[in-house]
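Structure record follows, encoded as structure tokens.
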Amino acid sequence: MKFLDKFGLKPLSFELEGETVYYKQISYNLAITIANENNDIIRQLIIIRHCLCEEDGSMVFHEDTDLAEIGDKLPFETISTI
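With numbering that gives the first Met the number 0 as the guide, the letters of the sequence shown map in order to residues 0 to 81.
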């Protein structure tokens with residue numbers, strides 16, 4: 000097995016209001032970006048933009064999706080929970 004196949008970013012899941020939500024683990028570079036952000040809400044939106052995915056691993060949001068757009072599409076409670 001190739002290294003990235005074994006240790007690369009794979010979709011994981013959790014239950015949210017009875018539904019399965021899929022996400023990819025935070026990469027090293029994303030962790031650095033998050034650590035350098037002081038605003039908690041912005042950090043949450045960045046994590047959602049780069050980690051929230053479909054069951055097949057395709058991303059829900061494109062990496063250059065404006066954070067305000069994500070905030071407009073998801074309720075605050077869902078963002079906070081994720």
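Here a beta-carbon is modelled for each residue, glycine too, at the ideal position from N, C-alpha and C. Remember, it's a predicted structure, so these values are computed and weren't measured experimentally.
Exclusion of the five residues before and after ILE41 leaves LEU66 as the residues of its chain whose Cβ lies within less than 8 Å of its Cβ. Residues ILE25, LEU29, ILE33, ILE81 of the same chain have their beta carbon placed closer than 8 Å to that of ILE46, with the five preceding and five following residues left out of the count.
A residue is called buried once 16 or more other Cβ atoms fall within 10 Å of its Cβ, and LEU44 is buried on that count. Per DSSP, the beta-bridge partners of THR19 are GLU14. Of the other Cβ atoms in all chains shown, 16 or more fall within 10 Å of the Cβ of PHE60; this residue is therefore buried.
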